[in-house]
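**Student:**
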Amino acid sequence: MVENKHSIQTCLCLVKNMYLYIMRTAGVKERVLETAARLFYEQGYQATGINQIIEEAAIAKASLYQHFASKELVLNAYLQSHKINWYNNLLAYTEKMEEGREKLIGLFDYRKQTLENRHYKGCAFSRMAYELPDINEEALAIIQGHKLAIKGFIKQQLYMLKSPPFPKQELHELTEMIFNLIEGTILQSTILRSSRPMEDTRKMLVRILDSNAQ
1 MVENKHSIQT CLCLVKNMYL YIMRTAGVKE RVLETAARLF YEQGYQATGI NQIIEEAAIA
61 KASLYQHFAS KELVLNAYLQ SHKINWYNNL LAYTEKMEEG REKLIGLFDY RKQTLENRHY
121 KGCAFSRMAY ELPDINEEAL AIIQGHKLAI KGFIKQQLYM LKSPPFPKQE LHELTEMIFN
181 LIEGTILQST ILRSSRPMED TRKMLVRILD SNAQ
């Protein structure tokens with residue numbers, strides 16, 4: 001009985017230590033990504049050193065390298081995490097809106113809101129692509145995947161806009177037009193540090209949707 005009790009206590013201790021280790025390492029990775037996200041967006045990738053990430057995340061250097069062998073891998077993980085969070089937030093924002101017209105306008109309003117919340121500093125993905133023309137292939141694929149996901153959202157909602165749906169080629173052209181309209185307007189608002197271009201383009205988007213829904 002004593003031996004069995006000792007064995008159980010030993011097992012419980014091992015499980016507890018493993019749990020604490022997992023929680024510590026998960027916390028380190030999360031802090032690294034949160035810190036990197038803020039620094040990369042506020043001051044740029046090239047101006048952010050790995051030592052600054054370590055210092056501001058309040059972790060040991062060895063802890064960072066346990067998860068990321070280089071700053072480039074931190075970048076890739078940050079972009080992937082941001083891509084997932086961004087799209088999930090879009091889905092949550094538009095969840096209660098009707099399919100088609102309302103969700104397309106909702107996408108625009110969501111982009112406007114995120115731009116305003118970030119004080120007109122622009123799209124994090126586009127900024128990274130501008131800053132790093134020779135960005136690594138994995139990071140570029142994540143950025144491109146993010147933009148393709150937005151196009152997919154637009155196409156899906158355009159398909160639901162009217163019945164019968166748009167012909168395939170027209171659906172593609174409308175998707176590209178609305179995507180480029182939104183992306184270009186975000187750039188203008190970033191340059192002007194104003195939501196006015198977004199407000200003007202929103203009216204244009206509503207007219208486009210209403211005229212094509214007939």
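Numbering of the sequence shown is given in UniProt numbering, commencing with residue 1 and proceeding in unit increments.
Each residue gets a CB set at the ideal place from its N, CA and C atoms; glycine is no exception.
(1) Between Met160 and Leu209, what straight-line distance do the alpha-carbon atoms span, to the nearest angstrom?
(2) Can the beta-carbon of Ile178 be found closer than 8 Å to that of Ile154?
(3) Are the stretch 114 to 130 and the stretch 189 to 205 touching by the rule of at least three beta carbon pairs closer than 8 Å?
(4) Please classify Met97: does DSSP put it in a helix, a strand, or coil?
(5) Can you say whether Lys29 is buried or exposed, counting buried as having 16 or more other CB atoms within 10 angstroms of its CB?
(6) Where does Asp134 fall in DSSP's three states?
(7) Taking the alpha helix (DSSP H) that Met177 belongs to, which residues open and close that run?
(8) Taking the C-alpha atoms as reference points, what is the distance between Phe68 and Ala124?
(9) Find the nearest neighbour of Gly44 within the set Glu55, Ser70, Leu64 and Leu75, judged by alpha-carbon distance.
(10) Helix, strand or coil for Gly106 per DSSP?
(11) Let's test the definition: count the other Cβ atoms within 10 Å of the Cβ of Leu91 and tell me whether it reaches 16, buried, or not, exposed.
(12) Just the Cα atoms here: how many angstroms apart are Leu46 and Glu138?
(13) Of the choices Ser211, Val206, Arg101 and Ile182, whose alpha-carbon is the least far from that of Pro197?
(14) In chain order, what residues of the same chain have a beta carbon less than 6 Å from the beta carbon of Leu174, not counting five sequence neighbours either side?
(15) By how many angstroms is the C-alpha of Glu170 removed from the C-alpha of Lys61?
(16) In three-state DSSP terms, what is Gly145?
(17) Helix, strand or coil: how does DSSP classify Ile22 here?
**Tutor:** So, from the data block:
(1) Position 160 of the sequence shown, counted from the first residue, corresponds to residue 160. Position 209 of the sequence shown, counted from the first residue, corresponds to residue 209. Going by the C-alpha atoms only, they are around 12 Å apart.
(2) Counting from one through the sequence shown, the residue named residue 178 turns up at place 178. Counting from one through the sequence shown, the residue named residue 154 turns up at place 154. Taking 8 Å as the Cβ cut-off, Ile178 and Ile154 qualify as a contacting pair.
(3) yes
(4) Numbered from 1 along the sequence shown, position 97 holds the residue referred to as residue 97. Reduced to three states, the DSSP call for Met97 is coil.
(5) Position 29 of the sequence shown, counted from the start, is the residue given in the question as residue 29. Buried is the call here.
(6) Numbered from 1 along the sequence shown, position 134 holds the residue referred to as residue 134. DSSP places Asp134 in coil when its eight states are reduced to three.
(7) The residue labelled residue 177 in the question sits at position 177 within the sequence shown. Lys168 to Leu192 is the span of the alpha helix (DSSP H), which, as asked, contains Met177.
(8) Looking up residue 68 in the sequence shown gives position 68. Looking up residue 124 in the sequence shown gives position 124. Their Cα atoms are separated by approximately 21 Å.
(9) Within the sequence shown, residue 44 is the residue found at index 44, counting from 1. The residue with the shortest Cα to Cα distance from Gly44 is Leu75.
(10) Position 106 of the sequence shown holds residue 106. DSSP places Gly106 in helix when its eight states are reduced to three.
(11) Within the sequence shown, residue 91 is the residue found at index 91, counting from 1. Its Cβ having fewer than 16 others within 10 Å, Leu91 is exposed.
(12) For the purposes of this step, residue 46 is identified with residue 46 of the sequence shown, where counting begins at 1. For the purposes of this step, residue 138 is identified with residue 138 of the sequence shown, where counting begins at 1. Reading the sequence as shown, one finds Gln at residue 46 and not Leu. C-alpha separation (whole angstroms): 17 Å.
(13) Position 197 of the sequence shown holds residue 197. The candidate whose alpha carbon is nearest that of Pro197 is Ile182.
(14) Start at 1 with the first residue of the sequence shown, and residue 174 comes out as number 174. The answer, listed in chain order, is Leu158.
(15) The sequence position of residue 61 within the sequence shown is 61, counting from 1. The sequence position of residue 170 within the sequence shown is 170, counting from 1. If I take the Cα positions, the gap works out to 53 Å.
(16) By 1-based counting over the sequence shown, the position of residue 145 is 145. Helix, per DSSP.
(17) Within the sequence shown, numbered from 1, the residue matching residue 22 stands at position 22. For Ile22, the predicted model reports a pLDDT of 47, less than 50, meaning its position is unreliable and no value from the coordinates is stated.
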